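J.: When the letters of the sequence shown are read in order and numbered with full-length UniProt numbering, they come out as residues 1 to 505.
Even for Gly, the Cβ is constructed at its ideal location relative to N, Cα and C.
It should be emphasised that the depicted structure is a prediction, and the values quoted were computed from it without experimental measurement.
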Amino acid sequence: MFVWSAQEPDYQPVPGDVDETVALKSRSGSIWHKSFRICGTGRSKWRRLLLRCLIFILGFNLLLLVLVPIFKPSYSKRPAHFSGKNIHGEKVFIAANIEDEGLIRGAWRKSVFDLIDLLGPENVFLSIYENDGGPGVKAALEELSTLVKCRSHIISDHIDRSKLPTVQFLPNDKRVKRITYLAAARNYAIDPLVDFPLLNSTIGPFSTPLTKFDKLLFLNDVVFSPKDAADLLFSTNIGPDGRTRYDAACAMDYVNPFKFYDRFALRDNEYYESGLPWYPWFTPGGSRAESWHDVMQQKDAVRVKSCWGGMAAFEARWFAESVRSVESASMDSLSPLRFRSEEEVFWDASECCLIHADLQDLVRRATGSAGNIFVNPYVRVAYNEATFKWLEFSRRFERLGFLSHVILGWLLGQPKASARAAEVPGHQVAHAEWIYSDPPNLKPGEMFGVEDMSKFGTWKKVEKTATPGGYCGGPMLLALRNPAPKKGEKYWEKINPVIPYVDFE
């Protein structure tokens, strides 16, 4: 039933124009604010994702930094056959060229004396040849000679440069090659190896003469472990009978706890230059990458074609006696090895690489088989005591540099090889040689600079018989300074030809 009320109905007012505008603005601002928040949230997500990636990468690297040296250290656990002893009583000729007075009086001398004790003084001959090291070095060596227990020949001398071969690329400027000079010093150090009166001495504690040596050990001015030196000599690439199977074996030398030094002499088993100077030292390039694979397997005998590494061991017979060639019907006599340099003006190579090239050639001609040359990465030396003390620790971390070595090596186009790496000793080859020609009307004493060399010579095609070691060298000249260096300057300099080298096919 309908009931009429006297009250007026409760109507809602209709919004006016002003209120509606305010409401629309409010809603518009709300939409804009939401849009802004949505865009801001997107950027935050990317920032958070990037931050998480960085944290993950950092955490992963920290994890590797902890786990690798514990569970996957490099060349840290010596093989079981490494004894650090001269088990078979082998005879060792130690040769050294050293000019560091501090090392002669300190770490080097102590290590040499400990090595002599370890090998047995009656089994060792020590030959040191030093030239132009100064009065302090001479006095230090004289003191050493009074203390050494084995037979020895220790000389401080002067090499007469006027008697060494020279090369010329400028008028009135004949130069002695640095490598010629170094080769002469090394040869003087091994001179007593053959026909030296003291070898036959039986005076004092020596009851038997040293008529034949089994090993030849070269030492640079390095800090080293006597046990490591013994393992290089007697434990590298041993056979079932416990005897070594090498013609040469080298240590690895370091200038800081992670940086290997002597890349100038090192060539892998395919004649390529080594890679960057940290682990794994060699690149996976080439057709076989044998040196690289040997390192990956942590072998004590990494196959190479040449090396030095501050300390190098050889089978002494290749330096001590003439051998017969199996390649000729007349069985020609082959002379013992000696260090040498390249004869060309603008082609130089390390004497330590060339000696291995000559060694391989001699072994092939004497036996009909290839020479066995190895690097032993377990054996490491350094050029100062501080670096040497870190080497046992730093090697545990060196695998961490593997990825950077591979990537940077690839970017740099490694491995690289010498332009003459494919030359076969004894075969006819044609390549470029710098030929110097004297200018007419030259005034006495008139001097010229390196920039003038193009006026006095050029590259010419020369046909000749290839010598061993084409893979060792490159188009450069390492020459003793002329005139003599000023105080504080190096005694030698590197000179590159002004006209670029282009070899002939």
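Taking 6 Å as the limit between beta carbons, can you name the residues of its chain near E315, skipping five residues before and five after?
T.: Taking the first residue of the sequence shown as 1, we reach residue 315 at position 315. Same-chain partners within the cutoff: D247.
J.: Taking all protein chains shown into account, decide if T208 is buried (16 or more other Cβ within 10 angstroms of its Cβ) or exposed.
T.: Along the sequence shown, one-based indexing puts residue 208 at 208. T208 should be labelled exposed.
J.: Tell me whether the stretch 429-449 and the stretch 486-493 touch, counting them as touching only if at least three CB pairs, one residue from each stretch, are closer than 8 Å.
T.: Judged by Cβ distances under 8 Å, the stretch 429-449 makes no contact with the stretch 486-493, as fewer than three pairs qualify.
J.: Does the stretch 265-279 come close enough to the stretch 303-322 that 3 or more CB-CB pairs lie under 8 Å?
T.: In short, these stretches touch, since the Cβ pair count reaches three.
J.: Would S350 and I190 be called neighbours here (beta carbons separated by less than 8 Å)?
T.: Locating residue 350 in the sequence shown gives position 350, where the first residue counts as 1. Locating residue 190 in the sequence shown gives position 190, where the first residue counts as 1. No, these two residues do not count as a Cβ contact at 8 Å.
J.: Curious, which full-length alpha helix (DSSP H) runs of at least 4 residues does the stretch 75-104 contain?
T.: If we require 4 residues or more, the stretch 75-104 turns out to have no alpha helix (DSSP H) run fully inside it.
J.: According to the Cβ coordinates, are P475 and Y501 closer than 8 Å?
T.: Taking the first residue of the sequence shown as 1, we reach residue 475 at position 475. Taking the first residue of the sequence shown as 1, we reach residue 501 at position 501. Yes, Cβ-Cβ distance for P475 and Y501 is below 8 Å.
J.: What are the start and end residues of each continuous beta strand (DSSP E) run of 3 or more residues lying completely inside the stretch 247-331, in chain order?
T.: The qualifying runs are 248-256, 302-306 and 311-315.
J.: On the CB-based measure, 16 or more other CB atoms within 10 Å of its CB, does G469 come out buried or exposed?
T.: Taking the first residue of the sequence shown as position 1, residue 469 is located at position 469. By the 10 Å Cβ count, G469 comes out buried.
J.: Excluding five sequence neighbours on each side, which residues of the same chain lie with their C-beta closer than 7 Å to the C-beta of S394?
T.: Taking the first residue of the sequence shown as position 1, residue 394 is located at position 394. P257 and F258, listed in sequence order.
J.: Mapping DSSP to helix, strand and coil, what is D191?
T.: The residue given as residue 191 occupies position 191 in the sequence shown. Here D191 sits in helix by DSSP.
J.: List the whole-angstrom C-beta distance separating A313 from L193, where the pair is believed to meet the contact cut-off of C-beta under 8 Å.
T.: Within the sequence shown, residue 313 is the residue found at index 313, counting from 1. Within the sequence shown, residue 193 is the residue found at index 193, counting from 1. Contact doesn't hold; Cβ gap of about 14 Å is too wide.
J.: Along the beta strand (DSSP E) that carries D157, what are the first and last residues, could you check?
T.: Walking along the sequence shown from the start, residue 157 turns up at place 157. R151 to D157 is the extent of the beta strand (DSSP E) around D157.
J.: Identify every run of the alpha helix (DSSP H) within the stretch 397-424, keeping only runs that are complete inside it and at least 4 residues long; order them along the chain.
T.: Segments of the alpha helix (DSSP H) lying fully in the stretch 397-424: 402-411.
J.: Is the separation between the beta-carbon of A466 and that of V429 shorter than 8 Å?
T.: Within the sequence shown, residue 466 is the residue found at index 466, counting from 1. Within the sequence shown, residue 429 is the residue found at index 429, counting from 1. The answer is yes: Cβ separation under 8 Å.
J.: Any chance the stretch 50-59 sits against the stretch 268-284, with 3 or more Cβ pairs inside 8 Å?
T.: Contact between the stretch 50-59 and the stretch 268-284 is absent, because fewer than three Cβ pairs lie under 8 Å.
J.: Let me know the secondary structure DSSP gives Y181 once reduced to three states.
T.: Counting from one through the sequence shown, the residue named residue 181 turns up at place 181. Note: Y181 maps to helix in three-state DSSP.
J.: Between L198 and I499, what straight-line distance do the alpha-carbon atoms span, to the nearest angstrom?
T.: Here residue 198 refers to the residue found at position 198 of the sequence shown. Here residue 499 refers to the residue found at position 499 of the sequence shown. Rounded to the nearest angstrom, the two C-alpha atoms are 52 Å apart.
J.: Ignore the nearest five residues each way along the sequence and tell me which others in P497's own chain have a CB closer than 6 Å to its CB.
T.: The residue you call residue 497 lines up with position 497 of the sequence shown. Around P497: F346.
J.: In the structure shown, what three-state DSSP assignment does V14 receive?
T.: On the sequence shown, position 14 is the one that residue 14 refers to. Bear in mind that a pLDDT of 44 at V14, under 50, signals an unreliable position, so the model cannot answer this.
J.: If you count every other CB in all the chains shown that lies within 10 Å of the CB of I128, and 16 or more means buried, which is it?
T.: On the sequence shown, residue 128 is found 128 positions in, with the first residue counted as 1. I128 should be labelled buried.
J.: So, with DSSP's three-state summary, where would you put E433?
T.: Within the sequence shown, the letter at position 433 stands for residue 433. Correct three-state label for E433: strand.
J.: Identify whether G59 lies in helix, strand or coil by the three-state DSSP scheme.
T.: What you label residue 59 is simply residue 59 of the sequence shown in a count that begins at 1. The answer is helix: DSSP assigns G59 an H, G or I state.
J.: Have a look at S162 and N131 and give me their C-alpha separation to the nearest angstrom.
T.: By one-based count along the sequence shown, residue 162 stands at place 162. By one-based count along the sequence shown, residue 131 stands at place 131. Going from the Cα of S162 to the Cα of N131 covers about 15 Å.
J.: Kindly indicate the opening and closing residues of the beta strand (DSSP E) around T465.
T.: If you number the sequence shown from 1, residue 465 lands on position 465. Per DSSP, T465 belongs to the beta strand (DSSP E) from G457 to T465.
J.: In three-state DSSP terms, what is R338?
T.: Taking the sequence shown and counting its residues from 1, one reaches residue 338 at position 338. DSSP places R338 in coil when its eight states are reduced to three.
J.: I'd like to know whether the C-beta atoms of K177 and D348 end up nearer to each other than 8 Å.
T.: Counting from one through the sequence shown, the residue named residue 177 turns up at place 177. Counting from one through the sequence shown, the residue named residue 348 turns up at place 348. Yes, they are a contact pair.
J.: Assuming contact is defined by CB atoms lying nearer than 8 Å, are G120 and N86 in contact in what I supplied?
T.: Numbered from 1 along the sequence shown, position 120 holds the residue referred to as residue 120. Numbered from 1 along the sequence shown, position 86 holds the residue referred to as residue 86. Yes, they are a contact pair.
J.: Excluding five sequence neighbours on each side, which residues of the same chain lie with their C-beta closer than 6 Å to the C-beta of L216?
T.: On the sequence shown, position 216 is the one that residue 216 refers to. F93, F314, A316 and F319.
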